[in-house]
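Read through the structure below, which is laid out as structure tokens, and then see the notes.
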Amino acid sequence: MTNHMDNVSDVEAKDDLTGEFVEEKPDPVTHELIRAEQLVKAAIEPPHVATEYFSKRFQELAASMNVRMLDTDRVRKLTPLRIQRMLKEQAPDLPVSQTQIYRYFHGEAPPRLDVVYELAKLFGVPPTYFVPEEFLPE
């Protein structure tokens, strides 16, 4: 059986100068719990102005076009999933997931340069299409 007095040093300590027992204060807090929703909001708010601009232009391009399914000849709306699949066909070595395309599309993440290049190629626009004019050289 354990003697509970063995753990007294965890709560009280002897002061070296006075020899009296003093209560030790707990260690300072080093972390806190936060809700997952707060973390998601903190990660995307506020988005960088370039991320917002890219997202807006990306959505405009997608809304202005449809995609014809070659196997069924049906015309469909261009969605982030379809865009990701088309990118995979165009650039099989491009490491971009459906989730990442969704995040670019909705302004939740800034795109990588290789993704901007491949998207511009896919849509038939110059990569500068995704950059505000005031940032382009004259």
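So the sequence shown is numbered by the UniProt record's numbering: it starts at 1 and just counts up by one.
Glycine included, each C-beta is placed from N, C-alpha and C at the ideal position.
Handout entry: CA nearest to the CA of L87, picked from A50, G19, P137, E118
Key = E118
Buried or exposed: F21, going by 16 or more other Cβ atoms within 10 Å of its Cβ?
It is exposed - the Cβ of F21 has fewer than 16 other Cβ atoms within 10 Å.
_Taking the alpha carbon of T51 as the reference point, which residue from P126, P132, V75, T18 has its own alpha carbon closest?_
Measuring from the Cα of T51, the nearest candidate turns out to be P132.
Would you check if there are 3 or more beta carbon pairs closer than 8 Å linking the stretch 101-113 to the stretch 75-85?
The stretch 101-113, when compared against the stretch 75-85, does touch it at the 8 Å Cβ threshold.
Beta-carbon separation (whole angstroms), Q90 vs L122, contact threshold 8 Å: 6 Å
Burial state of F54, where buried means 16 or more other Cβ atoms lie within 10 Å = Under the 10 Å beta carbon count, F54 is surrounded by 16 or more other beta carbons and is classified as buried.
- prompt: Which residues bound the beta strand (DSSP E) around V75?
  reply: 75-77
When R76, L61, A62 are compared against R68, the one with the closest alpha-carbon
R76
Distance CB(V116)-CB(P127) smaller than 8 Å
yes
Rounded straight-line distance, which links the Cα of A36 to that of R85 = Take the alpha-carbon of R85 and the one of A36: they are about 30 Å apart.
(Q) Which complete beta strand (DSSP E) runs does the stretch 72-107 hold, if anything under 3 residues is left out? (A) 75-77
**Asked** Can you tell me whether DSSP reads V116 as helix, strand or coil?
**Response** helix
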